[in-house]
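Below you'll find the structure, written out as C-alpha cells, and then a few comments.
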Amino acid sequence: MSTVVIINTNSPLGLATIRSACRQGLDVVSLSVKGHAEHIGRLPYTNPELDGRVRYVYADEADLQDPAAVVERSGLLDGLATVELLVTLNATEDVFEKWDLVLVEELFRRQVLTARSAVVVGRSSDKTIYTTNGALERYVERVAQKLSAGGVYVGNLVQLGAMAGDEDYVAESITGELLRNDFRVAKVDSVAALLSYLVFYLLPGLMLGYAVDAKRYLGGSKSKSD
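In C-alpha cells, the structure reads:
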C-alpha cells in the first residue's frame, strides 16, 4: 500500500484530503504545526475508522524557517526511504507562508523526492489576498521547475481555494492529481502505454480514481520513468 505525505493538514481541507486519500487506499503521514492543530486533533474522534491508516507528526513553530530541523525533529520520514506521493496545502499567511514549500525543496535536496514521485501543491483555504496569491504562484512555479527538472511530477492546484462546503470537491481534485502519477510512462511503445499516456495528459483529475480502479481490475502495471 502506498503512503502519501500531507503537509499543513490543520484545516477542513486538510481533513478532507486525508479522508479522500484513505478512500483511495493510501496510508497517510499528516504533518501539522504544534499548537495549531485544532482541526487535525479531532480526526481520530470524528473518523475512528482511519485508526492505523494515519500517522500524525508535528513540526515546532520555531523550526518552520529551518526545513532540515523540521525533517529531523518531527519524525516525518520515519520508515520512509523515499516519498512517492506528497501533498502540501499552503496556508499563505503570517509565519506559515511558504514554510511548506521550502520543506518540499529540502526533501528534493535530500533525494527523498525522486523521478517516481508526484507532488501536488494546493491552498488550505480561499481566505487570501490577491497580492499574496501572486507571490505564491511565482514561488510555486519556481519550485515546480526545479522539481520537474529532476523528473518529479508537480500538480499546481493553488488556484483551487476551498471555500466552506467545497472541501470534499477540492480534496478529490487533489487526490486525483496524485493518482495521475500512476499513468506516467517512459515511452509510448505499446497500446497499454498509449492508453496510460492519454489518461495522464487528458483525463480530468476527478475521473482518475475510476481509471485507477479499471487499471487494477485489468491487472495493469505501472511503467514510469526512473
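Numbering (the numbering used here), first residue to last: 1434 to 1659.
Built from N, CA and C at the ideal position, the CB exists for glycine as well.
By DSSP, does Ser1463 sit in helix, in strand, or in coil? Start at 1 with the first residue of the sequence shown, and residue 1463 comes out as number 30. In the structure shown, Ser1463 sits in a strand (DSSP, three-state: E or B).
Does Gly1588 come out as helix, strand or coil in the three-state DSSP assignment? Locating residue 1588 in the sequence shown gives position 155, counting from the first residue. In this structure, Gly1588 counts as strand in the three-state DSSP scheme.
With contact counted as at least three CB pairs below 8 Å, one residue from each stretch, are the region 1571–1588 and the region 1546–1554 in contact? yes
In whole angstroms, what is the alpha-carbon distance linking Asp1511 and Val1490? Within the sequence shown, numbered from 1, the residue matching residue 1511 stands at position 78. Within the sequence shown, numbered from 1, the residue matching residue 1490 stands at position 57. Computed Cα separation, rounded: 10 Å.
In angstroms, rounded to a whole number, what distance separates the CA positions of Tyr1563 and Ser1435? What you label residue 1563 is simply residue 130 of the sequence shown in a count that begins at 1. What you label residue 1435 is simply residue 2 of the sequence shown in a count that begins at 1. Since pLDDT at Tyr1563 reaches only 45, below the 50 mark, its modelled position is unreliable, and the value read off the structure follows with that caveat. Those two C-alpha atoms are separated by around 36 Å.
Local conformation of Gly1555 per DSSP, three classes: In the sequence shown, counting from the first residue as 1, residue 1555 sits at position 122. Here Gly1555 sits in strand by DSSP.
Within the region 1451–1529, note down every full alpha helix (DSSP H) run reaching 4 residues or more, in order along the chain. 1476–1479, 1500–1507
Cβ neighbours of Leu1513 in the same chain (closer than 8 Å, five flanking residues each side left out): Locating residue 1513 in the sequence shown gives position 80, where the first residue counts as 1. So the qualifying residues of the chain are Thr1436, Val1438, Val1462, Val1545.
Taking the beta strand (DSSP E) that Val1545 belongs to, which residues open and close that run? Position 112 of the sequence shown, counted from the first residue, corresponds to residue 1545. Neither: Val1545 is in no beta strand (DSSP E) and is coded neither H nor E.
Spatial neighbours of Glu1494 in its chain, beta-carbon cut-off 8 Å, leaving aside the 5 residues before and after: Taking the sequence shown and counting its residues from 1, one reaches residue 1494 at position 61. Excluding positions up to five away in sequence, the list reads Val1466, Lys1467, Gly1468, His1469, Val1528.
Could you tell me whether the Cβ atoms of Ser1444 and Leu1540 are closer together than 9 Å? Here residue 1444 is taken as the residue at index 11 of the sequence shown, counted from 1. Here residue 1540 is taken as the residue at index 107 of the sequence shown, counted from 1. Cβ distance not < 9 Å, so Ser1444 and Leu1540 don't count as in contact.
Return the bridge partner residues of Val1438 from the DSSP annotation. In the sequence shown, residue 1438 corresponds to position 5, counting from 1. Val1438 is bridged to Val1462, Leu1519.
Residues in its own chain within less than 7 Å of Val1504 by CB, not counting five upstream and five downstream? As a first step, residue 1504 must be located in the sequence shown, where it is residue number 71. Once the five neighbours on either side are set aside, the close Cβ partners of Val1504 are Leu1510, Glu1539.
Which residue's Cα is closest to the Cα of Tyr1602: Arg1486, Ser1558, Arg1543, Ala1501? The residue you call residue 1602 lines up with position 169 of the sequence shown. Of the candidates Arg1486, Ser1558, Arg1543, Ala1501, the one whose C-alpha sits nearest the C-alpha of Tyr1602 is Ser1558.
What do you reckon, are the CB atoms on Thr1608 and Val1520 nearer than 9 Å? Here residue 1608 is taken as the residue at index 175 of the sequence shown, counted from 1. Here residue 1520 is taken as the residue at index 87 of the sequence shown, counted from 1. Yes, these two residues count as a Cβ contact at 9 Å.
Leaving out five residues before and five after Ser1507 in sequence, what residues of the same chain have Cβ atoms less than 7 Å from its Cβ? Taking the first residue of the sequence shown as 1, we reach residue 1507 at position 74. Correct list, in chain order: Leu1464, Val1490, Tyr1491, Ala1492.
State yes or no: is the C-beta of Leu1590 within less than 9 Å of the C-beta of Glu1610? In the sequence shown, residue 1590 corresponds to position 157, counting from 1. In the sequence shown, residue 1610 corresponds to position 177, counting from 1. In this structure, Glu1610 lies closer than 9 Å to Leu1590 by Cβ.
Could you pull out every residue in the same chain whose Cβ sits closer than 7 Å to the Cβ of Ala1577, ignoring the five residues on either side in sequence? Position 144 of the sequence shown, counted from the start, is the residue given in the question as residue 1577. The residues are Val1587, Asn1589.
So what's Gly1583 in DSSP terms, helix, strand or just coil? Along the sequence shown, read from residue 1 onward, the residue named residue 1583 stands at position 150. Here Gly1583 sits in coil by DSSP.
Of the choices Thr1450, Val1537, Arg1613, whose alpha-carbon is the least far from that of Ala1501? Here residue 1501 is taken as the residue at index 68 of the sequence shown, counted from 1. That would be Val1537, whose Cα lies nearest to the Cα of Ala1501.
Between Thr1442 and Arg1452, what straight-line distance do the alpha-carbon atoms span, to the nearest angstrom? By 1-based counting over the sequence shown, the position of residue 1442 is 9. By 1-based counting over the sequence shown, the position of residue 1452 is 19. Approximately 11 Å, taken between the alpha carbons.
Alpha helix (DSSP H) containing Leu1612: first to last residue? The count along the sequence shown starts at 1 and reaches residue 1612 at position 179. Start and end: 1600–1613.
For Ser1507, decide whether its Cβ has a neighbour in chain D, counting only Cβ atoms nearer than 9 Å. Reference to chain D is not applicable here, since this structure consists of a single protein chain.
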